[in-house]
Each structure stands twice: as structure tokens, then as C-alpha cells.
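In mature numbering (1 follows the signal peptide of the UniProt record, and there is no 0), the protein residues as written are -15 to -1, 1 to 472.
Every residue gets a Cβ at the ideal spot worked out from N, C-alpha and C, and that includes glycine.
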Amino acid sequence: MKVPALTFLVAVAAAVQIPLSYKWKSGPEDRPHYSTLEENDWPIDLSRYKDQMVVRLRGESEDAVTSQFRSRLGSTDTKWSGVLRTLKEKKFNVWAHDPIQKTTDVQVNSTELADLMATFGITEPEFVIRDMAQAIYESYPKDYTSDQEQFRQQSIKEVTAADFRVLGDVFFKSYRPLDSINAWLDMVHQTYPDLVTIEEIGKTHEGRPYNVIHLSRAGSDVPHSDRRTIVVTGGVHAREWISVSTVLYCLYELLNQYEANPDRWDEWSKLDFLFIPVQNPDGYDYTWTTDRLWRKNRQPSSSSQESCVGIDIDHSYDYHWTKSEDTECGEDYSGEYPFEAIESKIWSDYLNSTNYDHKIWGYVDLHSYSQEILYPYAYTCQADPRDEENLIELAYGISKAIRMTSHKYYAVLPACLDKDSDMIPDLGAGTALDYMYHHKAYWAFQMKLRDSGSHGFLLPEKYIQPVGEEIAEGLKYFVRFILSDDR
């Protein structure tokens, strides 16, 4: 039985403290510079980012076909890979690198910038982000501060319209902390109890629930074991907030489509969806309280060589796992053995449990940034994925669906190129993409969301809905493809 919409809206607004009558604004034009504020009004301690910036290195670009052909022949662009190797050896903080455009974004302070320029003979740096502290300040919701873990209480007495879409339009105006996300999901479940269930499948190192959201039409004639399951995940790297919001938006959009198209409910009877918006709950919460740019989980390693915390969950799966060159303090640290990251073990155990009967046809793991659709394998370019021609065709179909929605281009390429795995093998080892594709899912992709480099991991909140809309359309194309697959 569906909860009345007004009751639902008021309940959600109270739970996550979202003002339904609030006049939302976004963008830097209504934000003062963080340095003009009292430190108590900062969302987190911003002083750690003072003098931090992101600069871009450029090489000679080549098209995707040439890059892929070269990689299959075992030919490496040694000059380009040498840049990555040098950055890694000198322990520069690499945000992203584009194997087609031959660009690399690097986070530096002013001293490191001088070293970077000297190392690569740069005379005029190209800045992506000049003022890191301000960009981080603007990524938090307006008026959010660290001493209020939920949003400021505001009046909801002026509510006049009440429906699920109105709530979504408000919810997706800003990024949301973990408690607000969980409250919103609880209310979604209350509104659609016959469609949405929330299952806790484990606990993180810090004791937070690891939740899977099921979207499935109950009461149909199709046995659960015969349904085609699609898995959509995000937030494995804590700082990639747009991936979390986009998983939630895809869930929201599918529910809206279900309501609007009862004539297609029979199709829903053939499908199951599993959504994991936050694969790294501890790390994600840490980005809201302490360090906006944190990437790994918050688990101490079994190694006692250093005192740093955190394992890269996306280097912790057992398929072609390789111990990373990074030490415990490195952002790509893989742990000392496969599945050491608790979150990867929780997910693997869930998939392998005796009562698990999902047949996974599709898997999409959302990341940021670069606007890319990556297909297996990540660990090497020398291994051919099964049904490669159709896998690539499907990826281009998803890319076209996105482009028809928003005119944004998402490049299609093998994940090994993005990782530069044949030159630096540990960067593509032990990924969720390869694990899921090899063991569980027939079709599997990693998608790197917007943007192409103007904001990096600090994509402004005004892009949450546009990105959600374009990826939801890509997901719908994926669903149609899976429904039409007669294997």
C-alpha cells in the first residue's frame, strides 16, 4: 500500500531536514570566499587545502582506435607511460589521466608545482583548479557545517505540492551526507514497500551498515531465479560524490518510470535491480567530517610498517590481484592480500552465499571523472574479453543514449588503457570490474562520470541532476539490451 504523498514528503523533510519551501541556489556566485568566514562556519577544516591546486600535463593525443590497436600489439607509448611512472615514483598525487588526449591532472602545492615544472620542463602551467580550498568549500551544501551532521532545520509548513518527483527535485539539489542518504532511502522503501527493500549485508570496519537496495516487482509469475539482475554501484572511492548521487538518481528515475508506465510492468517482472550507492560508507562519511579528498576506506592494514589508514577497495578483489607498489599511505594501496578490504569481502561473500540466486546480466560501477565507458579487462590489454564485439557495441549504444540526452560525449575504451596496466600492472589489478565480469556478470562496465576535467572530483552540485538524467538514460538503454538478449 502506497503511503500518501504528503505524509511521505513531510516525513522525509523531517528526517533529512530538507526545506521543501527553500529557495535553492547553486554555484560560486552566492558563496563568499572561505577566508572571509569564521572557521566555525567552514564545513570542515579547510586550512589543510591552502596553497593546494590541480594542474594538467599534456602529451600528444591519439584516437581511441589507435591506442587500442597499439595496446593489443603490446606496443607502449613509452614517453606517455614514462610520465606516469615518474609521477608515481616521485609520489605526486595524480587525480586522473586520459590515455586518448594524453593529459594528466596532478594535485600539488606551490613547492611541488616548482618541482613538477622542473621535472617536465614546463614553462607555463595549465591550471584545472587554482584555489583548492575554495573549490572544496563550494562542494558542500550551502550553510552546511561540520558541527551539524544534518542540514539546518527549516520550516516545512508551506508545503503545498506533494509527490515523489517534487521530493526528488529538492533532494538532488545538493550532495548529501550518509545519514541523510540513509533516511531518504528508508522513506523510499516506505513509499514503495512492494518494490524497494533495503538489506544490510555486513558491517564496515567502523561499524556502519553496508546496504544493498533491491528494486524488484513482487507478485509476478516469473520466478526470482529466472529474472535478469542488473547491479549499479557507486561511491567505492569516497571523494567521488557524484557517483553516489547518480546511483540514487537512477533508482529515483526508475521508480518514476514504473509509476508512469503501468503498461510495461510485465517487463519489470523479468528484472531485478541491486543498487549500492555507497560502497565505502566509512570513507564517504570521512569526506563529510574531515577530508573532502579522502579516497580509500578507513581500515588499518594488516601490515605494521606504517601508521597510515585505508585500503583501496577497488584494488582488493582476487581476480588478477597484485600487491600495489604504493605503501599504506598511498591512495592506490591494495592491502597485503586479496579481499583484505572489508567492503570487498562483504560484497563477494554476499554474491557467493548459499541463499543468493540472482543471475547477474549487467553490472555498472560508477566513478569520476573523465566521461568514459570502460569495458574489461583492467588488469591487461593482452586478454580478450568474451563476446568482445557485442560488449563494445553495447558500450557505444550506452554512450549514444547519453549523447542524445545531454549532448555529452562519453569515450569508449578498454579499462586497461585508462589504467595503463601494461606499463604499471598494479594500477589495474584486483578491480571490481574484472572480478564481476569474470565471475558474476555477463556484461560489465565501469563508467567515469563528468566532467572532463574542469572541476575534477569537485563537480558543482548544479550538475547532479544533469548527470543523473544522462546516466539514467544510459541505464535504460542497457536494460532494453538485456531484455532483448535471447541467450
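Beta strand (DSSP E) runs wholly inside the region 190 to 219, at least 3 long, in chain order: With a minimum length of 3 residues, the continuous beta strand (DSSP E) runs that stay inside the region 190 to 219 are 194 to 201 and 213 to 218.
For S380, the first and last residue of its enclosing alpha helix (DSSP H): First, the amino acid is wrong: residue 380 is Ala here, not Ser. In the DSSP assignment, A380 falls within the alpha helix (DSSP H) that extends over E373 to S391.
Beta-carbon proximity of Y420 to A429, cut-off 7 Å: With respect to the 7 Å criterion, Y420 and A429 are not classified as neighbours on the basis of their beta carbons.
Contact between the region 191 to 203 and the region 239 to 257 (3+ Cβ pairs under 8 Å): With the cut-off at 8 Å, the region 191 to 203 and the region 239 to 257 touch.
Burial state of D206 (16 or more Cβ within 10 Å): Exposed is the call here.
Beta-carbon proximity check, K425 vs L351, cutoff 7 Å: No, the Cβ-Cβ distance between K425 and L351 is not below 7 Å.
Exposure of S353, with buried meaning 16 or more beta-carbon neighbours within 10 Å: Answer is buried; the Cβ neighbour count reaches 16.
Cα-Cα separation, residue 478 to L239: Nothing can be reported for residue 478: it is not among the residues displayed for the chain, which extend from -15 to 472.
Run of the beta strand (DSSP E) containing H352, from where it starts to where it stops: For H352, the enclosing beta strand (DSSP E) begins and ends at K344 to S353.
For residue 487, the first and last residue of its enclosing beta strand (DSSP E): No information on residue 487 is available, as it lies outside the stretch -15 to 472 that the chain covers here.
Short Cβ contact (7 Å threshold) for V221 with I296: No, the pair does not count as a contact, with Cβ atoms beyond the cut-off.
Which of helix, strand or coil DSSP assigns to H82: For H82, the three-state secondary structure derived from DSSP is strand.
Of the listed residues Y362, L376, V91 and A363, nearest to W346 (C-alpha basis): With distances taken between Cα atoms, W346 lies closest to L376.
Straight-line Cα distance separating D36 from N125: Residue identity check: residue 125 is Tyr in the sequence provided, not Asn. Between the alpha carbons of Y125 and D36 lies a gap of roughly 20 Å.
Coarse secondary structure for T96, derived from DSSP in three states: Residue state, collapsed to three classes: helix.
Distance between Y362 and E109 (C-alpha atoms, nearest Å): Note on geometry: alpha-carbon atoms of E109 and Y362 lie some 37 Å from one another.
Environment of K404 [buried if 16+ CB atoms lie within 10 Å]: By the C-beta density criterion, K404 is buried, having at least 16 other C-beta atoms within 10 angstroms.
Cβ-based neighbour list, S159, same chain, cut-off 7 Å, excluding 5 preceding and 5 following: Taken in chain order, the residues that qualify are P126 and E446.
Proximal residues to L170 (C-beta, below 7 Å), its chain only, five neighbours per side dropped: Shown here for L170: same chain residues with a beta carbon closer than 7 Å to its own, the five before and five after excluded, namely I183 and I198 in chain order.
Beta-carbon proximity of A81 to S355, cut-off 7 Å: Going by C-beta atoms, A81 is nearer than 7 Å to S355.
Three-state secondary structure assigned by DSSP to T275: T275 carries a coil assignment under DSSP once its states are collapsed to helix, strand and coil.
Other residues of its chain near A368: CB distance less than 8 Å, five sequence neighbours each side excluded: In its chain, beyond the 5 residues on either side, Y362 have a beta carbon closer than 8 Å to the beta carbon of A368.
Contact set for D276: own chain, Cβ-Cβ below 8 Å, skip 5 residues either direction: If we look at D276 and ignore the five residues flanking it on each side, its Cβ neighbours are I29 and R33.
Status (buried if at least 16 other CB within 10 Å, exposed otherwise) for Y234: The residue is buried, with at least 16 neighbouring Cβ atoms inside 10 Å.
Identified DSSP bridge partners for residue 476: The structure shown does not extend to residue 476, since the chain is modelled only from -15 to 472, so the question has no answer here.
Selected residue, minimal CA-CA separation from F442, among R43, I387 and E123: Restricting attention to R43, I387 and E123, the CA atom closest to the CA of F442 is found in E123.
Segment limits, alpha helix (DSSP H) that includes W250: For W250, the enclosing alpha helix (DSSP H) begins and ends at W250 to W253.
Through-space distance from T88 to Y304, alpha-carbon basis: C-alpha separation (whole angstroms): 29 Å.
Enclosing alpha helix (DSSP H) for D257 [first to last residue]: Looking at the DSSP string, D257 is not in any alpha helix (DSSP H); the run it does join, the beta strand (DSSP E), is L256 to I261.
Per-residue DSSP class, three states only, for D90: DSSP, read as helix, strand or coil, puts D90 in strand.
V39 versus L101: straight-line alpha-carbon distance, rounded: Rounded to the nearest angstrom, the two C-alpha atoms are 12 Å apart.
Three-state class that DSSP yields for K461 in the structure shown: K461: helix per DSSP, three-state reduction.
Same chain, Cβ closer than 6 Å to G413, five either side skipped, listed in chain order: Spatial neighbours of G413 in its own chain (CB-CB distance under 6 Å, excluding positions within 5 residues in sequence) are listed in chain order as A363, Y364, C401, K404 and S406.
Helix, strand or coil at P285 [DSSP, three-state]: P285 carries a strand assignment under DSSP once its states are collapsed to helix, strand and coil.
Simplified DSSP assignment, three categories, for F430: Of the three classes helix, strand and coil, the one that applies to F430 here is strand, per DSSP.
Exposure label - A99; buried when at least 16 CB within 10 Å: Flag for A99 reads exposed.
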